[in-house]
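Accompanying notes for the structure given below.
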Amino acid sequence: MTTTLIRNGTVVTADLTYKADVRVENGRIAEIGPNLSADGATELDASGCYVMPGGIDPHVHLEMPFMGTYSSDDFESGTRAGLAGGTTMVVDFCLPEPGQSLLEALKRWDNKSTRANCDYSFHMAVTWWDKQVWDEMETVVKDHGINTFKHFMAYKGALMVNDDEMFASFQRCAALGALPLVHAENGDVVATLQQKLLAEGNDGPEGHAYSRPPEVEGEATNRAIMIADMAGVPLYVVHTSCEQAHEAIRRARQKGMRVYGEPLIQHLTLDESEYFNADWDHSARRVMSPPFRNKQHQDSLWAGLQSGSLSVVATDHCAFTTEQKRTGVGDFTKIPNGTGGLEDRMPMLWTHGVGTGRLTPNEFVAVTSTNIAKILNIYPKKGAILVGADADIVVFDPEKEKTISADSQQSAIDYNVFEGKKVKGLPRYVLTRGKLVIDDGAVKTEEGHGKFVKREPFQAVNKALSTWKELVAPRKVERSGIPASGV
Ligand code: DUC
Ligand code: ZN
Ligand code: ZN
Ligand code: ZN
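Pasting the structure below:
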């Protein structure tokens, strides 16, 4: 039996801040209170530190087949990077190829995830639609413990689904107690703008930003919300990056709909000027979808986190090396979309959120962990400092500083989009299900320690505002007379 005693820290949860020791036994939190006795436990000194639930990144792509290549962080390096920054659980996206069985795709994800250093779960992507998908969705939820389905409204000709497919899938989610997710960008408009830009000779990485203006995201977010309302299901909007999308989410929530928005740490802290760098590599390394925006959009995202209209902060970690990015020299549409961020999400959000007074430490815990656990239906196993919860714990030192650099990162790429940025607030210790893996800067991860976390279906489905019940079961109208057609 391994026992660890975290001493003299200040426990910070989504709602409370208090001084207490925390005892960890067999991977779980066994006791919380003042002056706990050591009883032979390994002691960790948390004086001057906050003892917080480990971060959960609800949006990562590890070893993902995408745009003719694979994202370069796999489940080993990706989760090691996450742990180094205080993230103790990740949720990856299982992506069936169009036409492929969801259950076949899941086997591949099960295989590659056995190397994970921390616990993980999957979202299932719906990349095509027919009766087989409809059938398999039930197995995915009931037998595999996956209660979230992702829909790409962009990447036309590859992952994109149309509105009829999305509406059918959303209704299926409602029936199964599952939550649909959307990548909300209007893929038809993006494809048109891409061709126009290329035809006019705009082939550099800045073309990527021009081809995906905030309006394409705002339109798709509004559309997905309305379709979710008609299907009578809550909705999770991934990588919310602009005011137009945030406005749609705010409005829906004000009306009582369960719609969750997920800004990324990259969109909160990096802006569109990155695409206008004289160095092609610099700009291409920052190509992701949606692209970085200007300060007004960033301010909107911060305001959403403060007011609660946006719920969580993720990374969409999907790292490609410089060599992979160079596939798109001469044609920005071929630059693999994606950036890293897993290792830096917690320190960057602390520095730019808590350090600037925009977020309280409790709000920081809510948006990096607790809200995510609640939305994914794994609270309080994850996202909590409570007796019985998994001991996924970060002992966070608010005074510890570093300058972010690719030279010292865990991630398997040759650069870092936050290169040169100073952060203040870093983990002193990280425990993942009780195992000490970050020990005052030393990385002691164990490949394969991570386990799949099953997630139960949701109890509460959205009671939509629209006439969805009539759409599903139309009321017959008795008429006294019907004229002959064409007369
Ligand atoms: N956006 C990215 O930038 N990469 C992976 C997929 C996505 O939607
Ligand atoms: Zn996406
Ligand atoms: Zn993504
Ligand atoms: Zn282990």
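In terms of the UniProt record's numbering, the sequence shown opens at residue 1 and continues consecutively.
Heads up, the beta-carbon is just placed ideally off N, CA and C, and yes, glycines get one too.
So, is the C-beta of residue i closer than 8 Å to a C-beta in chain C?
i: E343; result: Of the protein chains in this structure there is only one, and it is not chain C.
If you reduce the DSSP assignment to three classes, tell me which class residue i lands in.
i: S289; result: coil
i: S121; result: strand
i: F276; result: helix
i: H183; result: strand
i: H317; result: strand
i: G328; result: helix
i: R23; result: strand
i: L359; result: coil
i: E206; result: helix
i: P336; result: coil
i: T467; result: With a pLDDT of only 49 at T467, under 50, the local geometry of the prediction cannot be trusted, and no value is derived from it.
i: T445; result: coil
i: K451; result: coil
i: L268; result: helix
i: A14; result: coil
i: L36; result: coil
i: E478; result: coil
i: R433; result: coil
i: G304; result: helix
i: D440; result: coil
i: D281; result: helix
i: E323; result: helix
i: D344; result: coil
i: L310; result: coil
i: G9; result: strand
i: A30; result: strand
i: T114; result: helix
i: T42; result: strand
i: T192; result: helix
Using only alpha-carbon positions, find the residue among the options that is nearest to residue i.
i: K325; options: D164, H317, D316 and N337; result: N337
i: E25; options: S311, L431 and H61; result: L431
i: C245; options: R253, E217 and L270; result: The displayed chain sequence assigns Ala, not Cys, to residue 245. Ranking R253, E217 and L270 by Cα distance to A245 puts E217 first.
i: V90; options: A373, G420, G486 and K424; result: A373
i: S121; options: D57, P180, Q410 and K334; result: D57
i: P234; options: L176, A199 and C242; result: L176
i: D397; options: V51, G27 and A41; result: V51
i: G68; options: K402, E343, R253 and F320; result: F320
i: E401; options: K454, M346 and E138; result: M346
i: S47; options: L5, F75 and V190; result: L5
i: N8; options: T2, K19 and D15; result: K19
i: T13; options: A116, G55 and K112; result: G55
i: G82; options: E478, A178, I482 and K444; result: K444
i: D74; options: A412, S485 and G486; result: A412
i: H239; options: H297, M230, E200 and K422; result: H297
i: D143; options: G486, P483, V437 and E456; result: E456
i: D15; options: G481, N371, I438 and A391; result: N371
i: T360; options: L305, D21 and K381; result: L305
Check whether the Cβ atoms of residue i and residue j lie closer than 8 Å to each other.
i: N377; j: N147; result: yes
i: V140; j: H151; result: no
i: residue 521; j: A224; result: Since the displayed the chain opens at 1 and closes at 487, residue 521 lies outside it and no answer follows.
i: I249; j: T221; result: yes
i: A154; j: E104; result: no
i: D119; j: K451; result: yes
i: G425; j: G355; result: yes
i: V237; j: G261; result: yes
i: R358; j: V395; result: no
i: D163; j: I227; result: yes
i: G27; j: G434; result: yes
i: G383; j: S369; result: yes
i: P263; j: R212; result: no
i: V312; j: L349; result: no
i: P53; j: V365; result: yes
i: A116; j: F93; result: no
i: V417; j: T351; result: no
i: A178; j: A231; result: no
Is residue i a contact residue of ligand 5, with contact defined as CB to any heavy atom under 7 Å?
i: C318; result: Ligand 5 is absent from the structure shown, which contains only ligand 1, ligand 2, ligand 3 and ligand 4.
Could you give the uninterrupted runs of the alpha helix (DSSP H) lying entirely in the stretch 125-180, keeping only those of 4 residues or more?
131-144 and 163-176
Starting from the N-terminal side, write out each stretch of the alpha helix (DSSP H) that is 4 residues or longer and does not extend beyond the stretch 58-108.
75-84
Whose beta carbon lies closer than 7 Å to any heavy atom of ligand 2, going through the chain in order?
F152, H183, V238, H239, S289 and D316
List, from N- to C-terminal side, the alpha helix (DSSP H) runs of 4 residues or more that fit wholly inside the stretch 236-260.
243-254
Completely contained beta strand (DSSP E) runs for the stretch 212-239, where each covers 3 or more residues:
235-237
Suppose only complete runs of 3+ residues qualify. What are the beta strand (DSSP E) ranges in the stretch 351-429, listed by chain order?
393-403
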